[in-house]
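Here's the structure, in structure tokens; my notes come after.
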Amino acid sequence: MAIHPTAVIAPSARIGRDVHIGPYSVIGEDTVIGDDCWIDAHVKISDQTTLGPRCRVYFGALIGEEPQDHRFRPGTRASTVIGAETTLREYVTIHRSPFEGGTTSVGDRTLLMAFVHVGHDARIGSRVTVANQTAISGHVIIEDGAVLSGYILIHQFCRIGALAMVGGRTIVRQDIPPFCMLAENECICGPNTIGLRRAGYESAQRMAIRKAIKSFFFHGLNAANALAEIEAMPEKMPELEHFVHFIRTTERGIMPGDPELAALGKHHADAEEPTEEQDSKP
Numbered sequence: 003m004a005i006h007p008t009a010v011i012a013p014s015a016r017i018g019r020d021v022h023i024g025p026y027s028v029i030g031e032d033t034v035i036g037d038d039c040w041i042d043a044h045v046k047i048s049d050q051t052t053l054g055p056r057c058r059v060y061f062g063a064l065i066g067e068e069p070q071d072h073r074f075r076p077g078t079r080a081s082t083v084i085g086a087e088t089t090l091r092e093y094v095t096i097h098r099s100p101f102e103g104g105t106t107s108v109g110d111r112t113l114l115m116a117f118v119h120v121g122h123d124a125r126i127g128s129r130v131t132v133a134n135q136t137a138i139s140g141h142v143i144i145e146d147g148a149v150l151s152g153y154i155l156i157h158q159f160c161r162i163g164a165l166a167m168v169g170g171r172t173i174v175r176q177d178i179p180p181f182c183m184l185a186e187n188e189c190i191c192g193p194n195t196i197g198l199r200r201a202g203y204e205s206a207q208r209m210a211i212r213k214a215i216k217s218f219f220f221h222g223l224n225a226a227n228a229l230a231e232i233e234a235m236p237e238k239m240p241e242l243e244h245f246v247h248f249i250r251t252t253e254r255g256i257m258p259g260d261p262e263l264a265a266l267g268k269h270h271a272d273a274e275e276p277t278e279e280q281d282s283k284p
């Protein structure tokens, strides 16, 4: 264990084995710092925050601080939970819930790059990557394996599905289903083919997901008929069930498909899948 003498650690904090805490960092009341964590200088880990083992928190990060919410009252017991092997880069801010017993959470092996903000009650899954300056509002849900580029603004209560990929400088106002790519024009432009391949999905699985995305976004069907078409597909797999369930349970609606691709019609869904060297465009 290497704790700098200028670090301030609350008496109720629990510090694991082989933890590094840099100069002028502050560890709040009732925090838990897992084994082998590395905390840089001038970091604040606020009250009721848990860091899993082997996390890395860089200069100036503020984790588990009081939320920016008029409903918050001092003394509210709410928590922030960060999973194992997660990296929080410079000046990341994560806020705890304003509600008694509420939780803001980030999963395992997730990377939040510099200046990312995570609002209260957000739930970020495991193996998620969020690039610089992206702002995640309160109550947002981001499922496992999603990739978000930089300078994205996400409206509160939106959901981003598993292995979705979001282009930079976009404003996310509605839900993005699993496995989809959202282009910088803020429209769904097809499946995250490269991401699916890198996640170990076989060709047949990728093609089934591709067909489902085309059915919903590019066949000119309303939502009910598109979901019925997907459920009638001969391929039966958990990924398609998750895709359908995600859309059916939306509360904010689904981000639109690219109108230029929709104009190409149903035949476009049957195009060959791009190779590793090509873009993940339909």
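Going by this note's numbering, the first residue of the sequence shown is number 3, and it counts up by one from there.
Ideal Cβ placement from N, Cα and C applies to all residues, glycine included.
Within the segment 131-196, the complete beta strand (DSSP E) segments of 3 residues or longer fall at 182-184, 190-193, listed in chain order. Residue range 205-220 is occupied by the alpha helix (DSSP H) that includes S205. In this model, L263 and V34 are separated by some 49 Å (Cα to Cα). For E262, the secondary structure class from DSSP, reduced to helix, strand or coil, is helix. Nearest neighbour of Y26 by Cα position, chosen from T88, Q50, G62, E92, turns out to be G62. Here DSSP, grouped into helix, strand and coil, assigns V118 to coil. By a beta-carbon distance limit of 8 Å, D146 contacts G127. Their separation comes to about 4 Å. In the DSSP annotation of this structure, the continuous segment of the alpha helix (DSSP H) that includes L242 starts and ends at 240-250. Spanning the alpha carbons of I17 and G36 requires a straight line of approximately 7 Å. L223: not part of any beta strand (DSSP E); DSSP gives it neither H nor E. As the crow flies, the alpha-carbon of E87 is around 7 Å from that of G54. Boundaries of the beta strand (DSSP E) around S107: 105-108. Rounded to whole angstroms, V142 and T251 show a C-alpha spacing of 14 Å. With fewer than 16 other Cβ atoms from the protein chains shown falling within 10 Å of its own Cβ, P261 counts as exposed. With 16 or more neighbouring CB atoms inside 10 Å of its own CB, I232 falls in the buried class. Residues T131, M167 of the same chain have their beta carbon placed closer than 6 Å to that of V149, with the five preceding and five following residues left out of the count.
The Cβ atoms of M257 and I190 lie closer than 8 Å to each other.
Setting aside the 5 residues that flank it on each side, N134 is surrounded in the same chain by M115, A116, F117, G152, each with a C-beta closer than 6 Å to its C-beta; the list follows chain order.
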